[in-house]
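J.: First residue of the sequence shown: 13, per the numbering used here; consecutive thereafter. Glycine included, each C-beta is placed from N, C-alpha and C at the ideal position.
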Amino acid sequence: MDDKLLYTVPEVARHLSLSRSKVYELVRANVIPSVKIDRVRRVRGADVMAFVDSLRSVA
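(1) In the DSSP output, what is residue 48 paired with across the bridge?
(2) Over what stretch of residues does the alpha helix (DSSP H) that includes residue 28 continue unbroken?
(3) Buried or exposed for residue 59, please, with buried defined as at least 16 other CB atoms from any protein chain shown within 10 angstroms of its CB.
(4) Please confirm whether residue 54 and residue 18 have their CB atoms less than 7 Å apart.
(5) Would you identify the three-state DSSP class for residue 17, choosing helix, strand or coil?
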């Protein structure tokens, strides 16, 4: 991910090659932590990378 601090769910979905609905499912399950700013859900880049790292440790 680039140098942004927060990403929208569609940006996270594109980065992870997942559907938007799958990312929302992961966010709802708190697998990927998120924050809500006004009406927009945002995800920290560090949390996306932590999610990816957790996949490596499981595999």
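T.: Based on what the coordinates show:
(1) The bridge partners DSSP lists for residue 48 are 53.
(2) Going by DSSP, residue 28 is part of the alpha helix (DSSP H) stretching over 21-28.
(3) Note on residue 59: 16 or more other CB atoms within 10 angstroms of its CB, so buried under the neighbour-count rule.
(4) Cβ distance < 7 Å, so residue 54 and residue 18 count as in contact.
(5) Residue state, collapsed to three classes: coil.
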